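Here the structure comes first, spelled out in structure tokens, and everything after it is commentary.
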Ligand code: HEC
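Residue numbers (the numbering used here): 85 to 401.
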């Protein structure tokens with residue numbers, strides 16, 4: 085073996101065994117280190133919102149959530165998921181995957197019994213995640229949109245000099261985890277075009293383009309972002325998303341195609357709210373309080389008929 089013989093010297097057999105043991109030990113240590121690292125990278129704790137909810141939504145909710153509760157099983161709320169199905173067995177027993185009917189159903193080899201019903205089985209990785217999640221106590225989390233944002237520790241990254249501000253590090257950490265390199269920075273014209281479409285839905289004008297190209301200050305880009313955020317086009321662009329959800333542009337009725345004249349105060353209100361950066365609760369009081377407060381902020385001077393049309397849209401969201 086080349087590895088253990090050195091030129092001009094022969095090793096005693098005890099020495100050879102010693103070296104072999106050393107090599108094996110090093111290999112074992114390296115493997116353990118790599119495994120620990122992968123474990124660390126994939127994160128030990130299974131998180132409901134990140135890891136489990138997407139699986140349930142994708143594969144189980146069509147038949148087990150909200151109004152559809154096949155065999156009395158629903159995965160919409162934790163209390164329901166911990167309940168008992170028609171079979172009399174508990175769907176999820178926190179800490180005990182092997183006593184949970186859910187696990188029995190997703191791992192069954194009988195296609196008549198296995199879930200998802202009459203479909204391909206869940207991939208082994210998903211089954212493992214669900215098993216680990218139940219073992220760890222089947223902790224539930226609110227939908228992320230309802231969880232107040234909390235400051236997160238800034239991740240440690242290998243190429244810290246790539247990051248210009250703390251947020252970049254979160255992106256870089258994920259790229260490094262996935263063994264991806266960041267793309268090279270785009271040229272200035274592309275950057276301005278992209279950010280203009282993102283924030284205002286419009287391309288930059290020639291003058292805006294040349295002003296940006298001529299600006300060599302280190303915060304030239306940030307200045308453009310501020311300019312675009314301050315533009316009234318910003319509110320128009322982002323209100324469009326909301327107005328689509330509220331079906332602002334729809335006509336009135338289903339079987340009839342009636343017009344809905346005079347609903348523009350609702351549109352103006354939403355645009356203005358975005359431009360004033362009002363908090364959600366102030367923008368859409370219908371969800372937090374009575375319609376009378378909406379009436380007061382939206383269109384107190386408009387004729388009653390028009391107000392009621394506006395209210396009919398406002399009530400949708
Ligand atoms: C296409 C509809 C459909 C989908 C999708 C589906 N199920 Fe079901 N599920 C059923 C039906 C129908 C039954 C009742 C028949 C049976 O027991 O086999 C059932 C029964 C069950 C039961 C047994 C309830 C009892 O009686 O105790 C469990 C647990 C269950 N499903 C879990 C799941 C899980 C977990 C998923 C997602 C991986 C899933 N199901 C996806 C239709 C579905």
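In this text, a Cβ means the ideal position worked out from N, Cα and C, and glycines have one as well.
Since this is a predicted model, take the numbers as computed values, not measurements.
The Cβ-Cβ distance between residue 150 and residue 178 does not fall below 8 Å.
DSSP places residue 325 inside the alpha helix (DSSP H), whose first and last residues are 316 to 329. Distance from the C-beta of residue 192 to the nearest heavy atom of the ligand HEC is not below 7 Å. In this structure, the straight-line span from the alpha carbon of residue 362 to that of residue 132 is close to 31 Å. In the same chain as residue 312, and ignoring 5 residues on each side of it, the C-beta atoms closer than 7 Å to its own belong to 279, 280, 283, 284 and 318, in chain order. In this structure residue 259 is not in contact with residue 247, their Cβ atoms being roughly 11 Å apart against a cut-off of 8 Å.
Its chain contains 181 and 187 as the residues whose beta carbon lies nearer than 7 Å to that of residue 215, once the 5 sequence neighbours on both sides are disregarded; these appear in chain order.
Straight-line spacing of the CA atoms in residue 251 and residue 340 works out to 50 Å. In terms of side-chain proximity, the C-beta atom of residue 155 is found nearer than 7 Å to a non-hydrogen atom of the ligand HEC. At a threshold of 7 Å, residue 158 does not count as near the ligand HEC, since its beta carbon sits no closer than that to any of the ligand's heavy atoms. The shortest CA-to-CA distance from residue 211 to any of 202, 139 and 266 is the one to 139. Shown here for residue 286: same chain residues with a beta carbon closer than 7 Å to its own, the five before and five after excluded, namely 280 and 317 in chain order. Burial state of residue 353 is buried, judged by a 10 Å Cβ sphere holding 16 or more other Cβ atoms.
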